[in-house]
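For the sequence shown, UniProt numbering gives the first residue as 1, with consecutive numbering after it.
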Amino acid sequence: MRRVYIKGDVLCSLILLVLLFLLLYAHQRITPVWGTLHIEQGSTRSRPLLSGASMGQQTKPVSSKYPDIPPCKPEVQIKPKAQEPSKIKSQKARSKAKSKFRQPSTTASLQPTHASFDFDDYLRKKDQRDFKLLIDQPTKCSGPEGAPHILIAIKSVATDFDKRQVVRRTWGQEGVSQKNMNVKRVFLLGVPQNQTALPLWDKLLGYESQTFSDILLWDFEDTFFNLTLKEIHFLQWINVSCPKVKFIFKGDVDVYVNIDNILEMLEGQEISKDLFVGDIIINAKPIRRRNSKYFVPEFIYGQGIYPSYAGGGGFVMSGHTALKLHLACQEVELFPIDDVFLGMCLLRIGLQPTRHEGFRTFGIVRPSAAPHLQVFDPCFYRELMVVHSLTVPQIWLMWNLLHDPNLQCHSSQDPTFFPFQWSDKIGKTAKNKAKEKLRNNDYGMKVFVEH
């Protein structure tokens with residue numbers, strides 16, 4: 001009887017163990033893990049986790065006490081069907097076409113043409129007129145030759161070493177010209193704004209000054225809107241170091257200048273009288289477009305028209321006029337565009353600048369009557385004084401072509417010239433249509449605005 005009890009206890013224990021294992025197995029199959037994950041299979045070799053949503057159940061918010069584990073899906077690899085070669089080529093062509101014609105981003109398309117200028121900062125600092133002269137040439141206008149007949153003054157920046165070199169070796173050579181006139185040269189510079197572009201800029205300019213004795217360097221940043229500072233400091237240098245100079249040519253470093261033609265033009269000019277000659281711009285209006293390089297807001301200049309001024313590519317003035325401009329510029333409020341500022345100073349002394357057709361500060365444009373005419377022809381330049389916007393190779397080549405003894409120019413190829421005059425509408429001015437057509441080709445409103 002006792003054996004029967006023992007066998008019954010063992011059998012009950014076995015049954016209870018089996019039930020317990022069944023309950024544990026069932027609990028493992030249906031209980032959610034962290035409320036979002038379920039075990040799909042009981043195998044320990046592979047247990048891909050599926051979200052509750054994929055099982056058709058609503059997923060409850062995950063409790064903050066559990067880590068945030070993203071749901072995973074089992075990777076199902078499907079072998080792609082073999083495609084015909086023609087279909088593959090067509091798909092590749094369509095994908096290339098889509099990438100080729102992809103629209104640019106909106107941010108890139110809305111970038112302004114020129115970096116914005118801080119006019120508020122300009123107004124705060126515009127009364128700072130006196131900056132130290134870091135590199136000087138005090139004996140430039142003295143010596144056994146006396147004061148130069150003409151002084152060449154070129155606006156430049158530190159990185160323009162190659163442009164300064166081509167000027168030194170071509171049209172800007174110092175010494176006695178073919179007309180037995182004493183010619184001197186200086187370059188006008190400020191401190192580079194981006195000094196990392198030329199880390200040894202100070203060494204470069206120092207060695208240039210020692211070698212060529214033609215560098216004038218002031219302690220202000222060499223920026224577009226500081227060209228006015230370069231203007232007034234150069235006039236001050238003339239007043240102190242070169243007051244007896246007879247004539248001055250002042251221009252940009254990317255111009256070609258025929259000094260012999262300028263000296264011929266100056267023959268017979270009285271050095272004691274005013275003279276200011278160049279490519280004169282009249283009735284120019286302030287540009288109010290913010291993306292323009294020449295943008296000037298109304299609170300800087302409220303009038304509708306600028307005074308007449310010379311294009312900054314190059315002009316000629318007498319030393320007598322330069323001394324008067326030095327005094328006048330001290331009484332005129334600084335203006336961010338140096339060409340216009342000098343026009344204001346001319347207005348202050350009551351001097352009307354003179355236009356000369358040999359000054360082409362907007363370059364040479366093919367006349368409409370001869371669209372196939374080659375404008376880079378030495379016969380074009382032979383009768384001109386100044387041509388703007390040339391590269392270093394072009395300046396060097398033009399100098400050598402013009403000094404070629406075999407050069408022959410049988411007829412004048414110089415296109416008809418008219419002074420630039422602002423018009424309210426393109427194609428409509430007070431002049432006749434023929435002159436207007438030529439003016440638009442050479443110095444029209446469109447050219448001025450884009451320049």
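By construction, the Cβ of each residue, glycine as well, lies at the ideal position given by its N, Cα and C atoms.
For this session: Let me know the secondary structure DSSP gives M181 once reduced to three states.
Result: coil
Problem set entry | Identity of the residues DSSP links to L189 by a beta bridge | In the DSSP output, where bridge partners are listed per residue, L189 has L217.
For this session: Please check the pair F315 and F359, which I expect to be a contact at CB under 8 Å, by giving their CB distance rounded to whole angstroms.
Result: 7 Å
Exercise. Under 7 Å, do L325 and L235 count as touching if we go by C-beta distance?
Worked result: yes
Problem set entry | Check whether K246 and A153 have beta carbons under 7 Å apart | Not closer than 7 Å, so no.
For this session: From the DSSP output, read off the bridge partner residues of R360.
Result: V387
For this session: Please state if the CB of V386 and the CB of L255 are separated by a distance shorter than 7 Å.
Result: In the sequence as displayed, the identity of residue 255 is Val instead of Leu. Contact: yes.
Exercise. So, helix, strand or coil for S272, using DSSP?
Worked result: coil
Problem set entry | Proximity to V167 [Cα-Cα], best of D214, L205, Y381 and W201 | Minimum Cα-Cα distance from V167 among the listed residues D214, L205, Y381 and W201 corresponds to D214.
For this session: Measure how close the beta-carbons of S329 and C242 come, nearest whole angstrom, since I'm counting them as under 8 Å.
Result: Per the sequence shown, the amino acid found at residue 329 is Cys instead of Ser. Contact flag wrong, Cβ pair sits at about 16 Å.
For this session: With DSSP collapsed to three states, give me the class of A158.
Result: coil
Exercise. From I15 to F21, what does the alpha carbon distance come to, in whole angstroms?
Worked result: 10 Å
For this session: Pick helix, strand or coil for S292, following the three-state DSSP scheme.
Result: Coil, per DSSP.
Exercise. Is there at least one non-hydrogen atom of the ligand FMN closer than 6 Å to the beta-carbon of D377?
Worked result: No copy of the ligand FMN appears in this structure; indeed no ligand is present at all.
Exercise. Should the segment 167-179 be called in touch with the segment 123-142, which here means at least 3 C-beta pairs below 8 Å?
Worked result: no
For this session: Name the one or two DSSP bridge partners that T139 has.
Result: None; T139 has no bridge partner.
Problem set entry | G302, enclosing alpha helix (DSSP H) - first and last residue | No alpha helix (DSSP H) holds G302; DSSP gives it neither H nor E.
Problem set entry | First through last residue of the alpha helix (DSSP H) which encompasses M234 | Just to set this straight, residue 234 is Phe in the shown sequence, not Met. According to the DSSP assignment, F234 belongs to the alpha helix (DSSP H) that extends over L227 to S241.
Exercise. Mind checking R164: buried by the 16 CB within 10 Å criterion, or exposed?
Worked result: buried
Exercise. Where does M344 sit, in a helix, a strand or coil, going by DSSP?
Worked result: helix
Exercise. Would you call the CB atoms of A310 and I287 closer than 7 Å?
Worked result: no
Exercise. Between the beta-carbon of L189 and the beta-carbon of L217, is there less than 7 Å?
Worked result: yes
Problem set entry | Beta-carbon proximity list for S272, same chain, < 8 Å, skipping 5 on both sides | H320
Exercise. At which residues does the alpha helix (DSSP H) containing A310 begin and terminate?
Worked result: No alpha helix (DSSP H) holds A310; the beta strand (DSSP E) holding it covers Y309 to S318.
Problem set entry | Rounded Cβ spacing between G350 and P307 (contact assumed at less than 8 Å) | With a Cβ gap of about 11 Å, G350 and P307 do not count as contacting.
For this session: Would you mind working out which of T354, Y301 and N239 sits nearest residue 454, comparing C-alpha positions?
Result: In the structure as shown, the chain begins at 1 and stops at 451. Residue 454 is therefore absent and cannot be evaluated.
Exercise. If you drop the 5 nearest sequence neighbours on each side, which residues of the same chain put their C-beta closer than 7 Å to that of D162?
Worked result: V392
Exercise. Can you round the beta-carbon distance between R129 and I238 to whole angstroms, since I take them to be within the 8 Å contact cut?
Worked result: No, R129 and I238 are not in contact; Cβ-Cβ is about 16 Å, not under 8 Å.
Problem set entry | N- and C-terminal bounds of the alpha helix (DSSP H) containing I248 | From DSSP, I248 is part of no alpha helix (DSSP H) but of the beta strand (DSSP E) over F247 to D252.
For this session: Look up R382 in the DSSP assignment and say whether it is helix, strand or coil.
Result: coil
For this session: Measure the C-alpha to C-alpha separation of N182 and D260 and round it to an integer number of angstroms.
Result: 12 Å
Exercise. Excluding sequence positions up to five away, which residues of its chain have a Cβ less than 8 Å from the Cβ of H356?
Worked result: Taken in chain order, the residues that qualify are M265, V277, G278, D279 and M385.
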